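Asks:
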Amino acid sequence: MPAKKDQSVLKRNLPPSSPSSPESSAKKPRRSQRINPVVQNEAKEERLVHTASPSRPAKDGATTPRSSSPPPFQDTQVASQVHFTQPDHTEEAKDIWGYLTPMNSGNGEVLTLSKRTSCSKKPDYNASTKKGTKKPSVGAGGYLIGRHAECDIVVETPVVSNRHCVIFKETSGAEPVAILEDLSSNGTCVNGTIVGRNHRRTLKTGDEISIAGAAIFVFRYPHHTTAGRFEEAYTMGQRLGSGHFATVHIATEKRTGTNYAVKIFRKPKAEEKSRLTGLHQEIAVLMSVSHPNVLCLKETFDQDDGVYLVLELASEGELFEYIIQQGKLSEEETRKVFAQLLQGLKYLHERNIVHRDIKPENILLCDKNLSVKLADFGLAKIIGEDSFTTSLCGTPSYVAPEILENHKNRKYSKAVDVWSLGVVLYICLCGFPPFSDELYSEDFQYNLSQQIKLGLFEYPMPYWSNISDEALDLIDRMLTVNPDERITVQRALEHPWTQKRRMAPPGITESTESLDGAFNAMGFSKRKVERERTLLSNAVKNSRKKPDQEKPVVVKEVETPSEEAKANSSISTPAATTAFMEIGGKGVYAYVRRLYSYGCRLDISPDMAFIFVLGWLGMRLHICSECEKAAEPHISILLYTLFLAKRVTLNMGVLSALVDQLNPVTQRLAQQSTPVLVFGGIFAFCVITTVLNIIQQLLFVDSNKPPVVFHIFPFFGSTINYGIDPYKFFFACQEKYGDTFTFILLGRKMTVYLGPKGNDFIFNGKLSQVCAEEAYTHLTTPVFGTDVVYDCPNHKLMDQKRFMKFGLTSETFRAYVPLIIEEVETYLKNSPLFSARKGPVDLLAVIPELTIFTASRTLQGKEIRKGFTGEVAGLYHDLDAGFTPMNFMFPWFPFPQNKRRDAAQRKMAQTYMDIITKRRAAAARGKQPEEKDMIWNLMNQKYKDGTVVPDKEIAHMMIALLMAGQHTSMATMTWILLHLASRPDVVQDLYEEQLRIFGKDLEPLTYESLGELTLHNYVIKETLRIHPPLHSIMRKVKSPMRVPNTHWVIPDNHYLMAAPGVSAIDGKYFKNPTAYDPYRWAGEKVTIEEEEEKFDFGYGLVSKGTSSPYLPFGAGRHRCIGEQFANVQLGTLLAMFVRLLKMNLPDGQKEPAPPDYASLIAMPQRPATMIYEWRKPEKK
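Under the UniProt record's numbering, read the sequence shown as residues 1 to 1180, first letter to last.
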């Protein structure tokens, strides 16, 4: 067998070795181990002279001894030989900590790695550089290797990244070590082992470094490796601040006398190792950057007592402190600051570094001339830098909308920094943030998160009266919600405001991007009417300087107020933290503060205002969180009523006289019994809340939300009207309010969006915006059981749907048809209800049993079907009683039907558990089940994370599988037979259709032949059009959603409701829509599903589009996966009933019974009687 060709970069030009060569039979050592014997002896003598330094930790935690004088080595190629230089006794004086020797020709000479004065000398990055000309060294603490001209070693090969890796020194204990950090995903190898992007490797002498196979270098330490601990190089000064993970001190370098800031991070505990790993990654990035507007990291020390970061000292403190002292910046000062910030941010973005935490606290001032530097980028995300700040209650309002999206795969781009910088620009020009809970009011009911997600901000007067239009235009472009449309850093640098030039007036032929300018030219202004805002300078102490400080340095220590300060504080004089809670935070205090201030502004006495604040708090304790926002306007109404009463008619004398007149009444009340007082209190409460509810709807209409259906009683709202007849209610509201409106259903706000556009809006909503699980779990969990369907995360639900696809294939459908036929024939021939040749039968007693038997035999197998008797139909009837509107609000209330529901659920689950236990015991003995049914399938399934499906979840999924199919088939089949009974002519046409297709002897049905029964399919479609299984489909709103083509925004405390059945019986889409006419489908033009887009949500392709007015099974992610099975089951049942029976309604009845909407599944009202007659007289 021929020897493998060596693929190494160094060996590809060598001639092949002779097979007989002794060298070829032995494993060739690594280059650093191939040592010239003579030189090796010299190295041994040298090691006897120099004392060996302590051993250094390797990457895997082991220690690797290193001599003070590493030996040189010999390679087989003369061109690639590396001869280590003789000891240079000036190495220590030059602060040399390593050498990098190129092994390829054309990669320059040996690079000496020495300590740099990176925090004092900076190259000019604004100067242009000719192509092919190397820029000056980056000047950072580390040495870069890559394709970019700024790198210390430039490798001009396409496979090499612009910034491929960085090598820097770190002092570990008392010994300097070299760290290689991989910045590329193209491959950086040390001794043939890949390091991996964002991973580090501690280097040893002789380590071979491969740069994507395009260049190879060998690293070695100097002969003298003395270093020392942090205390030996720096003198620790006063403490500047402290936080949860670190403290900040001033440190003076002993050798130069230069002052620095040192952050000392405590060593993490065992469970916090990931924090240290992240810190290492960020240190490597900081070591690879150097820019006049980016704070410099000079060096690091990794010692037993912590990690020391020596940073450039910004003597003038934070920009935040400057804003506090000045109130705000002038436009000229702001322009000067932002020109620097944009240059620094451009530098970072060009190197694919995203700051993620830009705010005034992380922008440092270096001198009185407003020279600024970006600081702490990336560290806040890793080490919790927010623990250093006292602003905005530790929760800054600078994050971009995309960061707030609740999605596991969300990704941050460079645009998040532009948004944050836009917020800082806004604050600098006016002195307060654009987004704040301070803005929340009855007319603007959006909290901080909602304001950011929707981009809701304004320029209130008089704060913005003197700010140029160019500044406002730049802020608008930076605070654009869509990150793809947000202005870039480069465009911001070229913006007229940054360049200090006026914007050109919009021309007639310009695009709609100039529409804002056109409106300004016509006299419309972005500046809003006068609104009072709280300035940062009024909310925070103007100075936090300590007496012994000479310079206003950065102090990021969270102050704890003394007991005396707490005692002297009042609600009208907030401290720094409480003020920032109002500006950018959340909590009850903001509401109390706002109510109290509102009362005082209305000239109500502080005592009276305080009483109503306490009243509001009492209401808050008794009212559900969804009603909290509705309760606050009520308090405001009461305050305003007091104000009018005080200003118009009342004075203290009149009040005193009124109290005197009421004394007899109060005395009589005091004499009443407790039950009377309780009843009177409840009655008074109901009257007051009803009156307030009516006043709120008439006088306090929120134009930013969909209209609310008028209702008298709070909490109950429109529940009764909706519960009696949902479709009648929907059409009445549609005529009055349009397709979109909100109504109250047992205390919950249901926003309805009717029509195909509404169906698309709801069914195809993003998971970050709508949630089916939160809408239905309180209904389905008591019936199905825990940890299945809507009682589990969406990704788990998608897995469960995927498991169910086992029984929903064309092959299984083909096998199901004869099984259903057998069940129908057996049931009809053996049931006493059909013992006569002709007679009445209650379909509500027959169809539930028949659908359960056929579904259990097909979907769940022969063994399950054997255990199902008529008793099971009763259990499922009890389970079905759990799907009531009352259980939408009170699913666990001990109603009698709920007790029966729970007992039925436990019994059904135990039935399945017994079967599963029996099968597992049989499998342990090597016995296989009779057939591979759904239980067998689920017992052998795993979730995508590798978890085996527990037996309890299998049992609950089996209940859900049968219940879901039973609901659809039971309701639809009952309506089919009732409508056919009212139309004997259609029954006859169906029978004749079978005769034409199957002949006079009526050959057996098959899966393929069901598709040929055109009129049969029309009957099923027409029934589903008039009687869809669900008249209402709900989703819980998780984040605010704007209604398309309107200014309405649906808040996140609402529920969305779709009603596909409304469009199915709307005259816009169907002629004579309420008439039962199966023949309409022969010529009806309705959007066909096959023409719409299909999408795989994790359990197979389903229709994503919702443009059709006919959607009986929903659409999108949560579309019913059993739709095809339902069509097979319904088609087979219908064909068998038509073959065997003639159908009519009882004498005197012309139409089927009306629907009963007591359950979410609309069944016909009792009695649902049909007159049957056997087609073959030989029956019994």
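Note that the Cβ used here is the ideal one computed from N, Cα and C, for glycine as well.
Remember, predicted model here, so these are calculated numbers, not experimental data.
Is there contact here, the segment 336 to 348 with the segment 490 to 501, by at least three beta-carbon pairs under 8 Å?
Replies: yes
Asks: Measuring only the C-alpha atoms, how far is Q697 from I452?
Replies: 28 Å
Asks: How close, in whole Å, do the beta carbons of N1143 and Y1172 come, if the pair is a contact with beta carbons under 8 Å?
Replies: Correcting the residue type first, residue 1143 is Met in the shown sequence and not Asn. Indeed, because the Cβ distance is near 6 Å, the residues count as touching under 8 Å.
Asks: If you check the beta carbons only, do E953 and V788 fall under 8 Å apart?
Replies: yes
Asks: Using a 10 Å radius around the Cβ and a threshold of 16 neighbouring Cβ atoms, would you call N568 buried or exposed?
Replies: The predicted model places N568 with a pLDDT of 35, which falls under 50 and marks its position as unreliable; any figure quoted below should be read in that light. Result: exposed.
Asks: Hey, would you say L311 sits closer than 8 Å to A261, going by beta carbons?
Replies: yes
Asks: Less than 8 Å separating the beta-carbons of I209 and V160?
Replies: no
Asks: Which residues in the same chain have their Cβ closer than 6 Å to the Cβ of E42, if we skip the five residues on either side of it in sequence?
Replies: Caution applies to E42, whose pLDDT of 35 falls short of 50 and renders its modelled position unreliable; the value that the coordinates give is listed next. No residues qualify anywhere along the chain.
Asks: Smallest Cα separation from H199: which of V678, F710, E181, K1071?
Replies: With distances taken between Cα atoms, H199 lies closest to E181.
Asks: Whose C-alpha, out of D305, E253, S242, is nearest the C-alpha of K267?
Replies: Sorting D305, E253, S242 by C-alpha distance to the C-alpha of K267 places D305 at the top.
Asks: Which stretch, first to last residue, makes up the beta strand (DSSP E) that contains E312?
Replies: 306 to 312
Asks: If I follow the unbroken alpha helix (DSSP H) through F245, where does it start and stop?
Replies: Bounds of any alpha helix (DSSP H) do not take in F245, whose DSSP letter is neither H nor E.
Asks: A1162: buried (16+ other C-beta within 10 angstroms of its C-beta) or exposed?
Replies: buried
Asks: What's the call for H979, buried or exposed, on a 16-neighbour Cβ count within 10 Å?
Replies: buried
Asks: On the criterion of 16 or more Cβ atoms from any shown chain inside 10 Å, does S397 qualify as buried, or is it exposed?
Replies: buried
Asks: Using the rule of at least 16 other Cβ atoms within 10 Å of the residue's Cβ for burial, across every protein chain shown, is P22 buried or exposed?
Replies: Legend: pLDDT at P22 = 39, less than 50; position of this residue unreliable, value from coordinates given subsequently. Its Cβ having fewer than 16 others within 10 Å, P22 is exposed.
Asks: Out of P1164, E299, T1169, which one is the CA nearest neighbour of G1148?
Replies: T1169
Asks: Would you tell me roughly how many angstroms separate the C-alpha atoms of Q499 and E333, rounded to the nearest one?
Replies: In a straight line, the C-alpha of Q499 is about 14 Å away from that of E333.
Asks: Exposed or buried, what is G807 when buried is set at 16 or more other beta-carbons lying within 10 Å of its beta-carbon?
Replies: buried
Asks: Quick check on the DSSP output: the alpha helix (DSSP H) that includes residue 1213 runs from which residue to which?
Replies: What is shown of the chain runs 1 to 1180, which leaves residue 1213 out entirely.
Asks: Between which residues of its own chain and K862 is the CB-CB distance below 8 Å, once the five residues before and five after are set aside?
Replies: E930, E931, D933
Asks: Strictly by DSSP, which residues pair up with G98?
Replies: L113
Asks: Given a cut-off of 8 Å, decide if G422 and I467 are closer than it, judged by their beta-carbon atoms.
Replies: no
Asks: Helix, strand or coil for R1166? Go by DSSP, reduced to three states.
Replies: coil
Asks: When you compare only the Cα positions, how much space is there between Q1165 and A1059?
Replies: 21 Å
Asks: Helix or strand or just coil, what does DSSP make of W497?
Replies: helix
Asks: In angstroms with no decimal places, state the Cα-to-Cα distance between A924 and R900.
Replies: 36 Å
Asks: Exposed or buried, what is E825 when buried is set at 16 or more other beta-carbons lying within 10 Å of its beta-carbon?
Replies: exposed
Asks: When the Cα atoms are used, what is the spatial distance from P1040 to E321?
Replies: So the alpha carbons of these two residues sit roughly 35 Å apart.
Asks: At which residues does the beta strand (DSSP E) containing P848 begin and terminate?
Replies: Note, P848: premise wrong, no beta strand (DSSP E); alpha helix (DSSP H) at 843 to 855.
Asks: For P1109 versus A1064, is the C-beta distance shorter than 8 Å?
Replies: yes
Asks: Within the present structure, is the beta-carbon of A903 separated from the nearest heavy atom of the ligand MN by less than 7 Å?
Replies: Although the ligand MN was asked about, the structure shown includes no ligands whatsoever.
Asks: Can you tell me whether E1173 is helix, strand or coil according to DSSP?
Replies: Assigned with DSSP and collapsed to three states, E1173 falls in strand.
Asks: Could you check the C-alpha separation between L962 and V949 for me, to the nearest Å?
Replies: 18 Å
Asks: Taking just the CA atoms, how far does V354 sit from Y816?
Replies: Per the coordinates, the alpha-carbon of Y816 lies some 58 Å from the alpha-carbon of V354.
Asks: Spatial neighbours of Y827 within its chain, please: CB distance less than 6 Å, with the 5 preceding and 5 following residues excluded, ordered by chain position.
Replies: L850
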